[in-house]
DNA sequence: TATGACATGTAACTAGTTACATGATTCA
DNA sequence: TGAATCATGTAACTAGTTACATGTCATA
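Protein chains in written order, with this note's numbering: chain H, 1 to 180; chain A, 1 to 180.
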């Protein structure tokens, strides 16, 4: 029941896995699908990293194998220690705000290329945002939202993505117009 | 004059350094100050990583030592090969969109804690955004913008930060209201 | 029977973090 | 002369990426 000591503030993949297993037991393969789909807009993870982390989580006693299936399938479930660690992270650890926005980094340096290239770049950012906006609208419309926690908080994340896309598109349009 | 071969799409720190040195020659220490200040909202870098990367850039011929000063200070300048690499990155390499938003990741899992804790968390995201909004407004007002490239593109980046902060604050206020 | 989806794993690498270590110069 | 700032570097680590490697099961 007691939380494993852990002074590190990072390791969000670890907590992403714990959070998904809190919903219900899953295999590494199942988790991978989640990271490739819904999760990909929020936290990226590769197959290799995922299986590695599952091993570490099991060794740390935060998850355990709950059932084995065909083809070597191992379904993991979260343990009480894992749940404690997840809650601790959600409540006590302040989010680390290490910012890395490659698209925006380029904008700083657009003076190094011809104005036409700069405008093209900004317009392509706008196009990308527009496409993303459309995809998220479609996704939202296709989901039958309920009033359970997963729906409420899932919708919040989706709403964030939609608002972000709109903001990015509008900014890119404005910025392209600023290029002389 | 010809670009160094480089199939990797990442290495943005490398390009951030090249972009800053394109403005004018600087030492590692100067660059560090830039990364700690204006740059910190776009691309984070530690002192250790910076000096390591400067060594690699020099070895690759993309920068060279232009002047030495007291206390072992080494001022670097960008070479023609470095400028070519910077332009190549700006124009030809599409931005990699690996998303990792720790604050948003938590929102997915807020169902694991009491609604009051969840609301507190969302409100704290709103507060953070509001403070950031204020800081960026102040910064904008304090800068004497010109119509040179550095001003035009610097203002674009700042404008993005302001719009992002507004979006994040409004979303967080809405989201906090969604918690039952 | 062959293809594709299911399923897990490892090796070698690059990027990024934390902590330590050292010394020079300025200025109160 | 002591503290702050300037200035560079290294060692040990964690996180993340790419590529490879292997084998199972369902079904067309």
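Ideal Cβ positions, reconstructed from N, Cα and C, are used throughout, including at glycine.
Rounded to whole angstroms, what's the CA-CA distance from residue i to residue j? Just pull it up for me.
i, j, result
"residue 78 of chain A", "residue 27 of chain H", "50 Å"
"residue 124 of chain H", "residue 166 of chain H", "14 Å"
"residue 128 of chain A", "residue 153 of chain H", "20 Å"
"residue 174 of chain A", "residue 71 of chain H", "45 Å"
"residue 10 of chain H", "residue 131 of chain H", "32 Å"
"residue 170 of chain A", "residue 159 of chain H", "11 Å"
"residue 66 of chain H", "residue 121 of chain A", "32 Å"
"residue 18 of chain A", "residue 115 of chain H", "19 Å"
"residue 29 of chain H", "residue 36 of chain H", "11 Å"
"residue 142 of chain H", "residue 163 of chain H", "18 Å"
"residue 84 of chain A", "residue 13 of chain A", "16 Å"
"residue 93 of chain A", "residue 103 of chain H", "11 Å"
"residue 74 of chain H", "residue 25 of chain A", "56 Å"
"residue 112 of chain H", "residue 53 of chain H", "42 Å"
"residue 119 of chain A", "residue 146 of chain H", "19 Å"
"residue 134 of chain H", "residue 69 of chain A", "55 Å"
"residue 47 of chain H", "residue 95 of chain A", "22 Å"
"residue 182 of chain H", "residue 107 of chain H", "Nothing about residue 182 of chain H can be reported from this structure: the residues present for chain H run from 1 to 180 only."
"residue 39 of chain H", "residue 55 of chain H", "21 Å"
"residue 136 of chain A", "residue 156 of chain H", "26 Å"
"residue 168 of chain A", "residue 161 of chain A", "10 Å"
"residue 64 of chain A", "residue 98 of chain H", "29 Å"
"residue 33 of chain A", "residue 45 of chain A", "10 Å"
"residue 148 of chain A", "residue 144 of chain H", "51 Å"
"residue 117 of chain A", "residue 41 of chain A", "28 Å"
For the alpha helix (DSSP H) containing residue i, list its first residue and its last residue.
i, result
"residue 187 of chain H", "The structure shown does not extend to residue 187 of chain H, since chain H spans only 1 to 180, so no value can be given for it."
"residue 31 of chain A", "28–36"
"residue 135 of chain H", "115–142"
"residue 171 of chain A", "149–178"
"residue 103 of chain A", "102–108"
"residue 19 of chain A", "12–23"
"residue 52 of chain H", "47–59"
Determine the extent of the beta strand (DSSP E) in which residue i is found, giving its start and end residues.
i, result
"residue 68 of chain H", "63–68"
Residue i and residue j look like a contact to me (Cβ under 8 Å); what is the Cβ gap, rounded to whole Å?
i, j, result
"residue 23 of chain H", "residue 172 of chain H", "Not a contact, Cβ separation roughly 36 Å."
"residue 81 of chain A", "residue 62 of chain A", "6 Å"
"residue 50 of chain A", "residue 31 of chain A", "6 Å"
"residue 100 of chain H", "residue 43 of chain A", "6 Å"
"residue 76 of chain A", "residue 21 of chain A", "6 Å"
"residue 86 of chain H", "residue 15 of chain H", "6 Å"
"residue 176 of chain H", "residue 126 of chain H", "7 Å"
Taking beta-carbon pairs under 7 Å, can you tell me which members of the segment 79–101 of chain H lie near chain A?
86, 87, 90, 91, 95, 96, 98, 99, 100, 101
With 7 Å as the limit, tell me which residues of the segment 158–170 of chain H have their beta carbon closer than that to any beta carbon of chain A; keep them in chain order.
159, 160, 163, 164, 167
Residues in the segment 132–154 of chain A with C-beta within 9 Å of chain H's C-beta atoms, listed in sequence order?
147, 148, 149, 150, 152, 153, 154
Select from the segment 102–117 of chain A all residues with a C-beta closer than 8 Å to any C-beta belonging to chain H, and list them in chain order.
102, 103, 104, 105, 106, 107, 108, 109, 110, 111, 112, 113, 117
Any residues in the segment 8–29 of chain A with a beta carbon nearer than 7 Å to a beta carbon of chain H? Which ones, in chain order?
12, 16, 19, 22
When Cβ atoms are compared, which residues of the segment 43–68 of chain H fall closer than 7 Å to chain A?
Only 43, 44 from the segment 43–68 of chain H bring a Cβ to less than 7 Å from some Cβ of chain A.
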